[in-house]
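First residue of the sequence shown: 144, per my numbering; consecutive thereafter.
Notes to accompany the following structure.
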Amino acid sequence: MYYSNQYMNQAKRQMSVDMSWAEDTKKLRSKIEKIKFNNQLEFSICMGLASNEDKFINCIENLSNELFYEIFDYLDGRDIFYAFSNLNIHFESLIMSSTLLLKIHDYASYKRSFEYDYQRIIIPNKHRIISLHLSNGSQFITCSKIHTIDSSFYRLESLILHGIKFNQIVSFLPSLTNLSHLFSLNIYLDDILNDYNTIYRLIFHLPMLKYNKLLAKKIVLQDSIPITSNEQLTSLEQLVINHPCTLESLYNILSYTSKLHRLTCEHLFLMNQNISREVPLTIFNLTYCSISQCYLKFDEFEMFIKQISSQLRTLRFKPCSDIFYLDADRWQQLILQYMPYLHTFQFKYHDGVSGHFRIQSYHSFINRFISPFWIERQWLLDIQIDLNHWPPIEIIFSIQPKRKQWDELINYERTNVNISSQECMHIFKPMSQLTVLGCCFTKCNQWFIDYIHFICF
């Protein structure tokens with residue numbers, strides 16, 4: 144009887160374990176079934192592991208070459224060689240095949256020697272490399288002095304160089320003229336840009352270049368690059384000027400880029416007050432223009448727009464403190480006459496208020512931003528009053544495409560301003576948006592209400 148009870152207890156325990164295991168398995172299967180293939184690489188591997196006969200392949204080596212090439216497309220070229228070389232003949236033939244094109248992305252976190260990999264991986268496979276993205280451009284150029292960049296890199300399409308010195312890039316750029324498929328070039332200077340005229344002249348000699356970005360935090364101001372003749376036009380379609388640039392230099396740079404579609408400029412300012420107002424430009428394809436910090440007066444900016452804007456569809460910029468940027472009627476005339484295809488219009492104007500706030504005459508300009516012209520295009524007037532800047536209070540006027548529903552127009556962040564619903568009805572117009580930041584001073588509440596009542600009527 145004892146053994147019988149002992150056996151039954153043991154059986155119950157085993158049954159409990161089995162049921163628990165079955166329940167855990169069921170839950171695990173349920174979780175697996177809910178997994179979504181958000182990553183295309185994982186999806187490709189899973190699809191490849193199942194054969195046409197729905198038999199699961201239990202050896203990764205049996206995957207098709209096409210699937211391996213798809214997997215390799217997600218990997219850095221150096222990682223491919225370190226992971227798959229010297230495994231067996233099959234993998235060796237895969238990674239050495241001319242069908243496999245390589246992308247070398249040397250990140251700062253790499254612990255392996257770049258000089259060693261340059262000799263062992265880059266040079267022997269230079270005819271298969273389509274992109275080089277290097278965190279230490281100076282190191283790369285030092286290595287390239289031994290094995291120069293020449294036409295044997297004939298498949299190279301994209302080159303990104305970080306942390307490079309001015310003198311290094313000036314001596315290196317001429318070697319890139321031999322690359323017949325170099326479409327994209329990014330340069331991130333690690334020191335002062337002493338002469339960007341020289342760099343741009345060298346860049347414009349690259350025959351197939353479509354995209355260029357030049358970044359420098361500091362520059363030395365100089366005379367503008369000479370205006371080009373028609374024989375010197377570049378093939379560039381996208382240009383990112385990520386350094387301070389004068390309007391004169393920008394005019395002359397654009398004289399080389401008749402095929403330009405997209406222009407991005409970080410800092411634009413005027414150095415010569417006597418700049419010609421009739422600068423000849425032949426830019427007929429520019430559809431996108433973005434200026435992060437525009438230090439031009441509206442008169443100067445208007446002159447610039449008239450030169451480049453016939454096909455413009457997107458204009459984004461942040462102007463300096465010139466009150467005429469708030470003249471809605473003047474904007475309307477400029478857009479209708481010189482930017483008839485404009486679809487996206489965004490600008491942000493900062494107005495600082497020091498001391499006691501007083502209504503200024505130019506504040507009445509903003510009433511016109513809710514006229515039918517702006518409403519029909521769904522360009523929304525946004526007014527942001529930031530009381531965290533105390534003093535001065537910062538008032539930000541911006542125009543941007545309609546994004547929010549009307550019941551989301553008022554957004555109070557960190558605020559204790561109490562405004563009744565009746566007051567709100569008098570304050571807000573249908574096509575306006577107001578954002579209040581950091582209004583924690585009760586004494587300012589009344590003038591704040593008086594002010595927004597004025598600007599929104």
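C-beta: ideal position from N, C-alpha, C; glycine also.
On a predicted model such as this, the values are computed, not experimentally measured, just so you know.
- When beta bridges are read from the DSSP output, GLU537 appears opposite GLY495 and ASP529.
- Taking C-beta atoms under 8 Å as the contact rule, ILE303 and HIS276 qualify, at a distance of about 4 Å.
- When C-alpha distances from VAL313 are compared across TYR297, GLU300, ILE434 and ASN337, the shortest belongs to ASN337.
- Of ASN510, GLN543, MET482 and VAL496, the smallest CA-CA separation from GLN489 is found for GLN543.
- Annotated three-state conformation of ILE284 is helix, per DSSP.
- Nearest neighbour of PHE315 by Cα position, chosen from SER294, ASN205 and LEU345, turns out to be LEU345.
- Collapsing the DSSP output to three states places TYR354 in a strand.
- Runs of the alpha helix (DSSP H) lying entirely within the segment 236 to 282 and spanning at least 4 residues, in chain order: 257 to 260.
- Leaving aside the five residues that flank PRO387 on each side, the residues in its chain whose CB is nearer than 6 Å to its CB run, in chain order, ILE362 and HIS410.
- Cβ contact annotation for PHE211 (same chain, cutoff 7 Å, sequence separation greater than five): LEU237, in chain order.
- Where LYS449 is concerned, the enclosing alpha helix (DSSP H) starts and stops at 441 to 451.
- Taking 8 Å as the cut-off, the Cβ atoms of SER274 and SER241 do not count as close.
- Excluding five sequence positions before and after PHE227, the CB atoms of its chain that fall closer than 6 Å to its own CB belong to PHE234 and ILE238, given in chain order.
- When the beta-carbon positions are compared, LEU413 and THR377 stay at least 8 Å from each other.
- Distance from the CA atom of ASN385 to the CA atom of ARG263, rounded to whole angstroms, is 35 Å.
- Between the C-alpha atoms of CYS286 and TYR261 there is a straight-line separation of about 7 Å.
- GLU209 counts as exposed, since fewer than 16 other beta carbons sit within 10 angstroms of its beta carbon.
- DSSP places GLU213 inside the alpha helix (DSSP H), whose first and last residues are 208 to 215.
- In the DSSP assignment, PHE227 falls within the unbroken alpha helix (DSSP H) covering 220 to 227.
- In this structure, DSSP gives ARG405 an extended state, which the three-state scheme calls strand.
- With fewer than 16 other Cβ atoms from the protein chains shown falling within 10 Å of its own Cβ, LEU479 counts as exposed.
- If you look at PHE460, you'll find it isn't in any alpha helix (DSSP H); it sits in the beta strand (DSSP E) that goes 457 to 462.
- Taking C-alpha positions only, ASP216 is separated from GLN311 by approximately 31 Å.
- Nearest in C-alpha terms to ASP333, of all of TRP522, LEU357 and ILE528, is LEU357.
- In the structure shown, SER435 adopts extended strand secondary structure according to DSSP, grouped into three states.
- The three-state secondary structure of PRO515, taken from DSSP, is helix.
- Taken through DSSP and simplified to helix, strand or coil, VAL363 comes out as coil.
- DSSP, read as helix, strand or coil, puts ASN337 in coil.
- Non-local beta-carbon contacts of ILE451 in its own chain, meaning distances under 8 Å to residues more than five positions away in sequence, involve LEU397, LEU406, LEU424, ILE426, LEU429 and CYS432 in chain order.
- Here ILE426 carries a coil assignment [DSSP, helix/strand/coil].
- At the C-beta level, CYS408 and ILE434 come within 8 Å of one another.
- The three-state secondary structure of ASN415, taken from DSSP, is coil.
- By the C-beta density criterion, ASN355 is buried, having at least 16 other C-beta atoms within 10 angstroms.
- Around GLY306, the same chain offers SER278, ASN279, GLY280, SER281, TYR331 and ASP333 as residues with beta carbons nearer than 8 Å, after the five sequence neighbours per side are excluded.
- Here GLY220 is buried, its C-beta having at least 16 other C-beta atoms within 10 Å.
- For SER392, the uninterrupted alpha helix (DSSP H) segment begins and ends at 390 to 397.
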